[in-house]
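Take a look at the structure below.
In the numbering used here, the protein residues as written are 55 to 206.
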């Protein structure tokens, strides 16, 4: 079944939670399709996962973060939706902003108005409104289930 897998694709994601606002969610257009996911992206060669989290925060949020703790690394097999030869390994870090949020957020899904590249928008989702099924990627769904469980 998995004999077509030739590569690991390591992804690093941010769990940015604010007690009053909720969890930061990213709505993105990737290869022409709409996805709801956590902020983050791919690990680059020569980079540690923590360094990737710091870089992704600067790239996506335009702000520096502090990594609070490692939260979860995938413990399930996931084949990439974008390249069937790739196995996804996702690492999730609970993080906090070093300063007050300066990035634009919306209350609407896929609200790309006024974004720089019209391909990514952010929104806060209250813990009580979080639903793993709302996320596009299986690794995010597992991480969200664990995240919700950690607050019960």
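In this text, a Cβ means the ideal position worked out from N, Cα and C, and glycines have one as well.
Q) In or out: residue 82 buried (at least 16 other Cβ within 10 Å) or exposed? A) Here residue 82 is buried, its C-beta having at least 16 other C-beta atoms within 10 Å.
Q: Have a look at residue 122 and residue 98 and give me their C-alpha separation to the nearest angstrom.
A: In this structure, the CA atom of residue 122 is about 21 Å from the CA atom of residue 98.
Q. How many Å lie between residue 169 and residue 175 at the Cα?
A. Note that residue 169 has pLDDT 49, beneath the 50 cutoff, so the model's placement of it is unreliable and the number below is only indicative. Distance from the CA atom of residue 169 to the CA atom of residue 175, rounded to whole angstroms, is 7 Å.
Q: List the endpoints of the continuous alpha helix (DSSP H) containing residue 201.
A: Counting along the chain, the unbroken alpha helix (DSSP H) around residue 201 starts and ends at 192-204.
Q) Cβ of residue 151 within 7 Å of Cβ of residue 117? A) Judged by beta-carbon spacing, residue 117 lies within the 7 Å limit of residue 151, meaning their Cβ atoms are closer than that value.
Q: Consult DSSP for residue 70 and reduce its assignment to one of helix, strand or coil.
A: In the three-state reduction of the DSSP assignment, residue 70 falls in the strand class, which pools E and B.
Q: Tell me where the beta strand (DSSP E) around residue 144 begins and ends.
A: Counting along the chain, residue 144 sits inside the beta strand (DSSP E) bounded by residues 140-151.
Q. According to DSSP, is residue 169 helix, strand or coil?
A. Note that residue 169 has pLDDT 49, beneath the 50 cutoff, so the model's placement of it is unreliable and the number below is only indicative. Here residue 169 sits in coil by DSSP.
Q: Return the CA-CA distance between residue 160 and residue 80, expressed in angstroms with no decimal places.
A: For residue 160 and residue 80, the distance between alpha carbons rounds to 10 Å.
Q.
If you measure between the beta carbons of residue 188 and residue 91, is that distance less than 7 Å?
A. Using a Cβ distance threshold of 7 Å, residue 188 and residue 91 do not count as a contacting pair.
Q) Is the Cβ-Cβ distance between residue 103 and residue 145 less than 7 Å? A) Taking C-beta atoms as the reference points, residue 103 and residue 145 count as a pair closer than 7 Å.
**Q.** Bridge partner(s) assigned by DSSP for residue 90
**A.** Residue 90 has 81 as its beta-bridge partners, per DSSP.
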